[in-house]
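So the structure is just underneath, and the comments pick up after that.
There are 2 protein chains.
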Amino acid sequence: MMARLFCYMMAMVMAMLALPVRAEDGYDLWLRYAPAEQARAADISAHARTIVPVENGSTMEVATRELQRAVAHMTGSAPTLATTPTAGALWLATPRSAPGIPLSLKGLGAEGYAIRSIDRGGQPVTLIAANSDIGLLHGAFHWLRLAQTNAPLDRLDIRSAPRIGLRLLNHWDNLDGTVERGYAGMSIWDWWRLPDYKGPRYTDYARANASIGINGTVLNNVNAKAESLSAPYIAKAAALADIFRPYGIKVYLSVKWTAPMELDGLKTADPLDAQVAAWWKAKASEIYRAIPDFGGFLVKANSEGQPGPQDYDRTHADGANMLAAAVKPHGGIVMWRAFVYAHDNPDDRAKQAYDDFKPLDGQFADNVLVQVKNGAIDFQPREPFHPLFGAMPKTPLMMEFQITKEYLGQSTHLTYLGPLFEEALDADTYAKGKGSTVAKVIDGSLDGHKLTGIAGVANIGVDRDWSGSIFNQADWYAFGRLAWDPGLSANAIAREWTAMTFSPDPRLVDPVVAMMMGSREAAVDYMTPLGLAHVMATGHHYGPAPWVSDLARPEWNPVYYHKADADGIGFDRTKSGSNAIAQYAPVIARRLANPATTPESELLWFHHLPWDYRLKSGETLWNGLVHRYDHGVAYVAGMQRTWEGLRPLVDAERFAQTEAFLAIQHREAQWWRDASIAYFQSINHLPLPADAMAPAHDLDWYKAQSFPYAPGHH
Amino acid sequence: MMARLFCYMMAMVMAMLALPVRAEDGYDLWLRYAPAEQARAADISAHARTIVPVENGSTMEVATRELQRAVAHMTGSAPTLATTPTAGALWLATPRSAPGIPLSLKGLGAEGYAIRSIDRGGQPVTLIAANSDIGLLHGAFHWLRLAQTNAPLDRLDIRSAPRIGLRLLNHWDNLDGTVERGYAGMSIWDWWRLPDYKGPRYTDYARANASIGINGTVLNNVNAKAESLSAPYIAKAAALADIFRPYGIKVYLSVKWTAPMELDGLKTADPLDAQVAAWWKAKASEIYRAIPDFGGFLVKANSEGQPGPQDYDRTHADGANMLAAAVKPHGGIVMWRAFVYAHDNPDDRAKQAYDDFKPLDGQFADNVLVQVKNGAIDFQPREPFHPLFGAMPKTPLMMEFQITKEYLGQSTHLTYLGPLFEEALDADTYAKGKGSTVAKVIDGSLDGHKLTGIAGVANIGVDRDWSGSIFNQADWYAFGRLAWDPGLSANAIAREWTAMTFSPDPRLVDPVVAMMMGSREAAVDYMTPLGLAHVMATGHHYGPAPWVSDLARPEWNPVYYHKADADGIGFDRTKSGSNAIAQYAPVIARRLANPATTPESELLWFHHLPWDYRLKSGETLWNGLVHRYDHGVAYVAGMQRTWEGLRPLVDAERFAQTEAFLAIQHREAQWWRDASIAYFQSINHLPLPADAMAPAHDLDWYKAQSFPYAPGHH
């Protein structure tokens, strides 16, 4: 009878394993908790026989459920709950729950944690300790990362606390459900059916973010609609805040500057008008009644057509401080974007944010952060770091990265952004001498700021895999990990992500990480090599269009950026040109003044150089440009070969998706290369280097390409 | 050792059962194949020990995989494949694979099947036989329906063939991914990444449709873009056709009349112009080269602003026949919509399609169907059947139902459409005497047509549950089942669907089916009782707005339809009014001429009556109207109570969704009722019946409601 039952169970298991109900569709992100190999499963089990949670509480429930579910999936048996830590326990403890925990919590703050393997009366126990339940949740996710990546689970002695206070996603999600620069389907916020219907995706969103330490989310597009501050939409935001709260994630809103006029008929939105200030104070109180831990406001003002305080001859500081006063009594903050350039300013667009904002340093209220994109133009495949970093020591500057790949291949190109983020964070501003990195500006350590922040424009939508492709998930993951610790390496993060997302098998991890690590440089090469920028097509930004010169504002045109002519190419930002280099610290400015001491990766960003300028390799600028295009295309072909070799190690569904996307990427890399070369050749009339193929079509063919239904353009 | 392994396996199974990775999110539709109770599982297993498929072939692979997967999930053990039928075999056979099968296939055609329990040399075998592999696939799905609904699996003797030839979904999906009147998210067609990336959803779409006998799909919106006929989009459609082919599903396209002008610069789109005809012939050939079994074209012409042959003083028949000639050599057909009403025609909108099309009867080519909506206005909660049914005996008329609930509560109201479809199909046209039902018009039996069709405007989008709500899935299901057999009852279909979607437990099926069956009548009552129609808000059609009177065309305004004034309410379509009743057969027209012999459900559709007109109940029209509104609201409250009682029998996720949506429905039913009563009371100044509550707000409040982000309006 036992044997028969056994056979039945065996058959059951075999059937379940052989015919999975659901394919690997990417929904589980890096929280897959795939069954571990037998020895590893035993190892995990031995370290998670029981869970000793702190006490009741929604965050503790979340942490406990996550640990149970994860261990059950990885090992086949779920840990039970216990009240005292015995052998093999995961002991979650705060000073309140366990006053005598053998571990200092100093320096861990409200969100950090320590994990230590301890001996408790002869019994091996894994202690996860923190000052708060949220810290414990972060610690639990850290332990699960170890468990998923085949890391040792004994002799642990880990301490971790976030270096940056506000670690936020910015959703450019519209109230009609579209997502500006979204390549993963519609918004995951079902505004229409909120607050009544709260689908399970909201919880999984919070889990994913908490697992990488993200602690805030701006729900709506910076190109905001006034209605997002109306009572019905506040109720909708509150429903989301209630779901996110146990995960330590606060909700923020983008605001439209003219909301007082649009919603309540005020005659002005002048920040120094008493009625306007009173309106915002009342609005803040209304929001905080619904969302007691509301984070604050994000503002895009006097930027790309958005209204703002300058419409009333007030400064950005006047505007930010008025809003800051409204949220201050409730503990809220204001994030004021520095992404500005004016239609009536003929100066180099790259200089304008600095010129506008640097003079305001010291004028912002103490609950205002100025949010600065990593570069001075707009999320290009490569930009030098933004000159505002290091230039406003009295103002907390927040980094704004773009996780969604508006300019780096959108949903289908495999271009891992970890190296881009790392490069920007590691850039040295020299503001206080060598070592004054951008990371130290934004983590507050350079200038002694307590209020610190970093934001990533989310790449999340309703696509089943959240991010439009499996590999785009890595960018979300990398952003979160770097926001917690800007000192991590993009490579290490890629290893973690790959192990959790696919498998810790080194036969898979090594080639996938190698592929990822070079992928962003490859995109730079096939799109914008040697410091070129902003040569994409108009509107949807899909594909190449370096020839565009007919848009209303000069700085919207690609020709404005590359300035290619018969003699040469590049934007002269030295003294003989726009002198943008003077916005950097003198030591940097000196280097950038000379092409020979300018990094070749930024060469044409700062210099207009003749086509026969000699690169360090000895080849001419033109030949070097062409070879870089070719390198980019060849790299993608290499990724295709690598991926093909991984077929036996990857499930069919995710294999097929990546295979299809790499084919698209290869075709489009070739297109970028060919269109760019065809265009530049029409300007310089130079022959191609001997080893380079002619473009597949003539220039007119590339110019004629049209994509009226390209996504992400709302 | 055996025991230890056993314990491990047990633990594995327990963990998998206790902590499901995925909640019941509705993705599996009615193909859930939930584990059966032990005795039933044994019964299913006993009838599906082995599968004997016909031979290799993609359709056979599909059928075999479906049977294996389904039985494995229901029972825990997958049937194996065999070459000869032994005891417990599911034997799939065609005359070609098994010339001597003990079963006549006469009358089953190319898509039908027979299922019979036979004794084969003393061994009990279930024989599924058909003339084609597609027939076998339909038979396999039929058997799986029996298995899922706890129906007996022995002594089977079933024969089934579709009564209607073309059973199509119409997707009103735009090339930019939006869906006109879609309430389930964006289009499931990822046009942007087709044909390169073919995600798994396309296959699941085909499975779901094949399981209910749908054999065609029109991929794009009837408000078509010319680009859908361009080479890149033909390649995208071809990729979908390749996926759908093994499931017996053909692809069709909506066409824009001016495509020859827009795509290739022709000077005209006149259907009698030789160049135009040649363009369409060439275009058809191009399509058929990519899609050899392409179904044909669907056309919305000279309707709501779309161009058409009347722009060139040609008739609908001229237009349809020109297109028909283009696809004819390839075996294609043209579906020409009769949904027309002209801005310069002052006559009753309900009469115009009949007036336009009836004179063309006999003029259409033999591969043209005229596609007629179920009613003469536009998919209202209730409409009398369209007078064209029965009026064009020489022309195959195709039914167009709307599965997406533009006018019946969109994504959140539980309003099962089975009864609406049934009512329309069962309506008697009296065209050839009593019993000349609409069903017999469209199945061709009344007038001897071989070419027959039925279309449903799909309610499908990328929402995880496909249809915006679990219960909306029932409408897709019901459409498919009725398209196969218009004689089925909405009740029986609801029973099947409920058993498969939730559980065959009668404690669940009985109350859920009861709830569903009354739900459409409830929506009629709280929205448009007693034959009212078209009183919804402008544009998005969300919510009530019977007061609207300021739209450009008279027939766009709700006041045009209800004609309420101080004296009475309703549209006089008798001789004293528009005389639309004369478009029906004389016996019907006579009945409708008199309010007393007009069904009360259609009373105000045909008559303008005084507020104190006496209903059959003896109460006044006004009081009866109010009571019907109240009945509608009360019914929804009753559904809420029923559903609450089912909490123990439904998984948490689907329970919560339906609970939330019923709450929305109840609030909105009350809103419809209150707004309508407030408005009509402002016209008739009558007191409410003693038992009726006053509306919650005054009329101005209802008029002020605004929903700029309501979905589905593209």
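Same order as they appear, the protein sequences are chains H and E.
The UniProt record's numbering numbers the first residue of the first sequence as 1 and each following residue consecutively.
The UniProt record's numbering numbers the first residue of the second sequence as 1 and each following residue consecutively.
Every residue, glycine too, gets a C-beta built ideally from N, C-alpha and C.
Source: prediction; values computed, not measured.
Straight-line spacing of the CA atoms in Pro-529 (chain H) and Arg-628 (chain H) works out to 6 Å.
Between Lys-358 (chain H) and Leu-323 (chain H), the C-beta gap is not smaller than 9 Å, which leaves the two residues out of contact. Between Ala-523 (chain E) and Gly-409 (chain E) the beta-carbon gap is near 6 Å, inside 8 Å, which marks them as a contact. Annotation: Cβ neighbours of Met-186 (chain H) in chain E (cutoff 7 Å, chain order): Gly-185, Met-186. From the beta-carbon of Gln-657 (chain E), the residues of chain H found nearer than 8 Å are Tyr-197, Gly-199. In this structure, the straight-line span from the alpha carbon of His-714 (chain E) to that of Thr-178 (chain E) is close to 7 Å. Its chain contains Arg-573, Thr-574, Ala-589, Leu-592, Ala-593, Phe-606 as the residues whose beta carbon lies nearer than 7 Å to that of Ile-581 (chain H), once the 5 sequence neighbours on both sides are disregarded; these appear in chain order. The DSSP-derived three-state label of Asn-684 (chain H) is helix. Put simply, the CB of Thr-64 (chain E) is far from chain H, with every gap to its CB atoms at 9 Å or more.
The C-beta distance from Thr-404 (chain E) to Gly-182 (chain E) rounds to 6 Å, short enough to meet the 8 Å contact threshold. Note that the C-beta distance between Asn-215 (chain H) and Ile-249 (chain H) is below 9 Å.
Its chain contains Thr-94, Pro-95, Leu-105, Leu-108, Gly-109, Ala-110, Gly-112 as the residues whose beta carbon lies nearer than 8 Å to that of Asn-131 (chain E), once the 5 sequence neighbours on both sides are disregarded; these appear in chain order. Counting other Cβ atoms within 10 Å of its Cβ, Ala-259 (chain E) reaches 16 or more and is therefore classed as buried.
Contact check for Leu-166 (chain H) and Gly-448 (chain H): beta-carbon distance about 17 Å, past the 8 Å limit, so the pair fails to qualify. Annotated three-state conformation of Pro-486 (chain H) is coil, per DSSP. In this structure Trp-701 (chain E) is exposed. Its beta-carbon is surrounded by fewer than 16 other beta-carbon atoms within 10 angstroms. DSSP, reduced to helix, strand and coil, places Ser-469 (chain H) outside both helices and strands of the structure shown, so it counts as coil. Note on the stretch 66-146 of chain H: whole beta strand (DSSP E) runs with a minimum of 3 residues are 89-93, 113-120, 123-129, in chain order. DSSP places Leu-323 (chain E) within a helical segment (H, G or I) once states are collapsed to three. Under the Cβ criterion of 9 Å, Tyr-709 (chain H) is counted among the residues facing chain E. Within the same chain, Pro-554 come within 7 Å of Tyr-560 (chain H) by CB-CB distance, once the 5 residues on both sides are set aside.
For the pair Pro-419 (chain H) and Arg-520 (chain H), the CB atoms are nearer than the 9 Å cut-off.
Put simply, the backbone Cα of Tyr-33 (chain E) is about 14 Å away from that of Ala-151 (chain E). Taking Lys-328 (chain E) as the centre and dropping the five residues before and after it, the same chain places the C-beta of Asn-367 closer than 6 Å to its C-beta, in chain order. Contact annotation: Ser-469 (chain H) and Gln-310 (chain H) have beta-carbon atoms that are not nearer than 9 Å. Distance between Leu-153 (chain H) and Asp-485 (chain H), taken at the CA atoms: about 22 Å. In this structure, Glu-496 (chain E) lies near Trp-30 (chain E), with their beta-carbon atoms less than 9 Å apart. With contacts defined by Cβ atoms closer than 9 Å, Leu-169 (chain H) and Val-457 (chain H) form a contacting pair. For Ala-301 (chain H), the three-state secondary structure derived from DSSP is coil. Judged by DSSP secondary structure, Asp-378 (chain E) falls outside any beta strand (DSSP E); it is assigned neither H nor E. In terms of Cβ geometry, Val-52 (chain H) and Thr-75 (chain H) do not form a close pair [threshold 9 Å]. Chain E places no beta carbon closer than 9 Å to that of Glu-644 (chain H), leaving this residue out of the contacts. When only Cα atoms are considered, Trp-280 (chain E) and Ala-326 (chain E) end up about 6 Å apart. Taking 9 Å as the threshold, the shortest C-beta distance from Ile-291 (chain H) to chain E does not fall below it. CA-CA distance, Gly-618 (chain E) to Gln-363 (chain E), rounds to 50 Å.
Between Arg-245 (chain H) and the set H:Tyr-205, H:Pro-271, H:Leu-229, the nearest pair of CA atoms involves H:Tyr-205.
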